[in-house]
Every structure is written in C-alpha cells, then in structure tokens.
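With our numbering, the residue at position 42 of the sequence shown is 175, and numbering never jumps.
For each residue, glycine too, the CB sits at the ideal point set by N, CA and C.
What you are looking at is a predicted structure, and each value in this text was computed from that prediction instead of being measured.
First comes the structure, then the notes that go with it.
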Amino acid sequence: MSAKQIKLVLKIIISITSLGLLIFAFIPEAIKVDLIKVQKGDLLVTLEGEGKTRIHDIYIVSTPIDGRITRLESEVGDFVTAGKTIIANMYPANPQFLDKRSEIQAKADVTGAQAALALSNARVKQAQAQLEFDLSEFRRIKELYEKHSVSQSAIERAELGIKTLRAELETTQSNHLVMLSRLDVAKARLIKPLAASDLSNSDDQHCQICIHSPVDGRVLRILHKSESIVPVGTPLVEIGNPADLEVNIEMLSTNAVKVKVGDEALIKRWGGSEDIRARVRIVEPSGFTKISALGVEEQRVNVILSFTDPIEKWQSLGDAFRVEAAIIINQVDNIIKIPLSALFRQNGIWSVFKVIGGKVVLQEVEVGQKNDRFAEIQTGLNVDDYIITHPGNSIEQGIRVIQR
C-alpha cells in the first residue's frame, strides 16, 4: 500500500472516530431508577384499623349499703381471689347528734311506743281467751251433732267462728310485732354517736361488712381510695382477668360490612417484635358517629377480635392498650403481584413502566385484589419482567435507565 493510500485510511479512521465520539456525546445519559423483577406470590387482602385492648368482663365492686368505708388497702395491679380477698370493710355511719328538743321528742316516742305495745299485748290476750272459749263451745256442739241433737248448719257456723277468731288472733299478734318494732325504732333514735375508733374496734361483728372480690383477677383501677361516708352503690375498684383480653377495633362502616365473624386478623404495631394472630369474634350490629382528626363526621363500627396465639406471646398487653389490626378478608395464592409504588394511572388506566433492553416501555395492566402494599396483576405483565418502582416525572416512554 502506498503512502498516499495509508494517509487516506488514517483520515477515514479519524473521521469515523470523531463522528462516533460526537454522536456519543449527544446521547442522553441513562437515568438511575429502582428496578424490581416481577414475581409470583401470595396476597393477603386486609382492612386496617386502630383500636384498644380491653378485658372482656370487668367487674366494678361497689358498696352494698350506705355506711362508712375504710381506706382501701389494695393497689392497682394486685392479684385478688374470688370470695377471699377483702377489698374494703364497711361500718355503719354514726347517728346524728340530738339537740334538746329532738331528745325530748325521741323519749316521748319511746313512751308512746311502750303504751301502744302494752295495748296490743292486751288485745292479743283477749283474742286468745276468746278463741279458747269458742273452741270449748265448738267441742260441745260437735258432741251434740254426733248425737244428732243439733243441725249441720250449727256446727258449720261454729267452725266459721273458730276460723274467724284465729284470723283475728293472727292480726293482733302481727300488730303486736309492729308495735314492738316501733318501740325499737323509737329507742334507736336515742342512740348517741361513737368515735370512729370505737366503731372500728368494736367486737360486734354484726356492725361490719367485708366486701370481697367477686372474681379471680387483678385490680385494674381504684375508683375510691380514702375512708369516707358513702351512699349505696358507690364504685370502689374495677377488677378483671388480664388473661381474658380482647381487642376492640373501630372501623369505618363501609369497611365493616366486608368483615365476617371468623376472619383472621393480625395485631400490628403493639410494641412487640412479632405480629399477634387473632380472629374476628363479633361485628357489632350498631354503629356510632365519631369526628376524625380532620373534623369530618364518620360512621364507625366496633369489631371485636379474640387472640388465637398463646397467652405467652401477648401477656405483656394490658387493658386499654393501643394497637393496630389488619383483618384478612381475602387471600389469593400464587399470583403475579407488584408493589403499589410501581402503579400509576395513565388516562384513567392502570399502568407501569416496564424496562426492556435498558429502555422504558409504558405498559397498561389490569389490577385485581390489592392491600396496603401490593396489587394483583391479572394481565399486562409476566414473571421475570423488570418494572420501575417510585417513577419520577423524568421517566417517560423510550428513555434509557439503569439500576440505581
């Protein structure tokens, strides 16, 4: 090859190289993106909700009568035994002081009650004597009747008289008991108040009531701690069994209609390292109105969950602890699923960005079931396809991309 030909070849090579470098310089740089490979898997369709734990049966121990309650010795968290653990002791309240006028009136009432009692006692004796006399007459008439000396009506009248007198005797005896009670009431008004220490140290056990725990469990809340005079029905403590724990989830009514009794659920973000398995026990038939954090009125329904995992897994939970739950309303197996972060709507149609040979291709897809993280893809994608997650505004059809 001559020198002239060699120079020509070199010029051609240099020109082609320069042109290639020029073209390469103007080629857009590939954009770094997050790529994932499409795979098959199982999809749990869930409904999320927040709620609280609660003990199924909470017992409020209250005072059975009016009286003076002693200071409670129990503390929150104490274990109690049904019928054995004493929650509190009750004593009668002190009677009021009597002024001079009230004392004179009370003494007069005692005197009047004693006189009325004496009168009723005399009437009882009179009725007894009359009954004894009429019984004697009845026996005489009965003997005459057996000898056919008196008529049938005569002995029937005698029997009626006996029954009437017995009823009158019972009436006078009952009235006598009433008068006796009135005397006791009148005397009771004269009882003077005692010091609290005298009442507490009294040997009369009839003046003390021990309030026992109705169930085995633990003290959840103390509602009345100090010693005081209280009316009947005053709440003292709340007692419950922490092993009888359940979860109350407040769900939107539009979601609650999709939940069925027996659906499985997962208790999440409760403070432990693992989710707790549970099951729907009740979907309450009545809803309620609640104002959301944005000030919007929402209709909500209580959904009650029972734990299915062993108690060792959730025993650190207590009453009124905040939890979140995911109720499983459907499960599809061995389907193509992708993250929700890869989906977007293009002209109202669900789409994804698929990557073929390093270039972006806009791909329309048909979406099936969804949960809070993944969606089922019925058509449009195949296993091992690569798609972009979290696509930005710079991603469009035909551009070059590489894995971030």
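Item	Value
Find the nearest neighbour of P472 within the set P443, A458, F440, P524, judged by alpha-carbon distance.	P524
Which complete alpha helix (DSSP H) runs does the stretch 214 to 299 hold, if anything under 4 residues is left out?	233 to 279
For the candidate residues I146, D167, E162, whose alpha-carbon lies nearest to that of R537?	D167
Between E417 and G428, what straight-line distance do the alpha-carbon atoms span, to the nearest angstrom?	24 Å
From the DSSP output, which residues share a beta bridge with H523?	According to DSSP, H523 bridges with nothing at all.
Please report how far the alpha carbon of L264 lies from the alpha carbon of K240, in whole angstroms.	36 Å
Rounded C-beta distance between N374 and D349? I'm assuming under 8 Å.	6 Å
Would V516 be called buried (16 or more neighbouring beta carbons within 10 Å of its own) or exposed?	exposed
With a floor of 4 residues, list each alpha helix (DSSP H) that falls wholly inside the stretch 341 to 412, ordered by position along the chain.	386 to 389
What residues in its chain sit with their C-beta under 7 Å from that of D466, if we drop five residues either side in the sequence?	D175
Which full runs of the beta strand (DSSP E) of 3+ residues lie inside the stretch 157 to 191, going along the chain?	164 to 170, 172 to 188
Measuring straight from C-alpha to C-alpha, what distance separates V434 and I424?	13 Å
State the Cα-Cα distance for the pair Q502 and L450, rounded to the nearest angstrom.	33 Å
Take S253 and list the residues in its own chain whose beta-carbon comes closer than 6 Å to its own, dropping the five residues that flank it on each side.	N308, H309, M312
Please go through the same chain and pick out, in chain order, the residues whose beta-carbon is closer than 6 Å to the beta-carbon of Q464, but skip the five residues on each side of it.	L177
Between which two residues does the alpha helix (DSSP H) containing I444 stretch?	444 to 447
Please look up how many angstroms separate the CB atoms of V413 and V390, rounded, as I've assumed it's under 8 Å.	Wrong, their Cβ atoms sit about 13 Å apart, outside the cutoff.
Evaluate the contact criterion for the stretch 395 to 405 versus the stretch 438 to 458: three or more CB pairs, one atom per stretch, below 8 Å.	yes
Which of helix, strand or coil does DSSP assign to I324?	coil
Taking the beta carbon of Q338 as the centre, do at least 16 other beta carbons fall within 10 Å, making it buried, or is it exposed?	Any answer about Q338 is weak, because its pLDDT of 48 lies below 50 and its placement is not dependable; what the coordinates show is given next. By the 10 Å Cβ count, Q338 comes out exposed.
Output yes or no for whether 9 Å exceeds the beta carbon distance between E371 and I528.	no
By DSSP's criteria, N463 is part of a beta bridge. Which residues make up the other side?	V178
Mind checking R272: buried by the 16 CB within 10 Å criterion, or exposed?	exposed
For D336, which three-state DSSP category applies?	A caution first: D336 carries a pLDDT of 48, below 50, which makes its placement in the model unreliable, though a value can still be read off. Residue state, collapsed to three classes: coil.
Between the stretch 359 to 367 and the stretch 193 to 206, do at least 3 Cβ pairs fall closer than 8 Å?	yes
I need the DSSP call for N308, collapsed to helix, strand or coil.	helix
Once DSSP output is grouped into helix, strand and coil, what is the label at I535?	strand
By the 10 Å Cβ neighbour count, where 16 or more other Cβ atoms means buried, how is T244 classified, buried or exposed?	exposed
Less than 9 Å between the beta carbons of I188 and D452, yes or no?	yes
In three-state terms, what does DSSP make of S195?	strand
To which residues does DSSP link R433 through a beta bridge?	L385, F421
Alpha carbon to alpha carbon, how far is G405 from E457?	12 Å
Excluding sequence positions up to five away, which residues of its chain have a Cβ less than 6 Å from the Cβ of Y278?	I288
According to DSSP, is T203 part of a helix, a strand, or is it coil?	coil
Among the candidates V498, Q448, G420, whose CA atom is the shortest distance from the CA of Q511?	V498
What do you reckon, are the CB atoms on A260 and E292 nearer than 9 Å?	no
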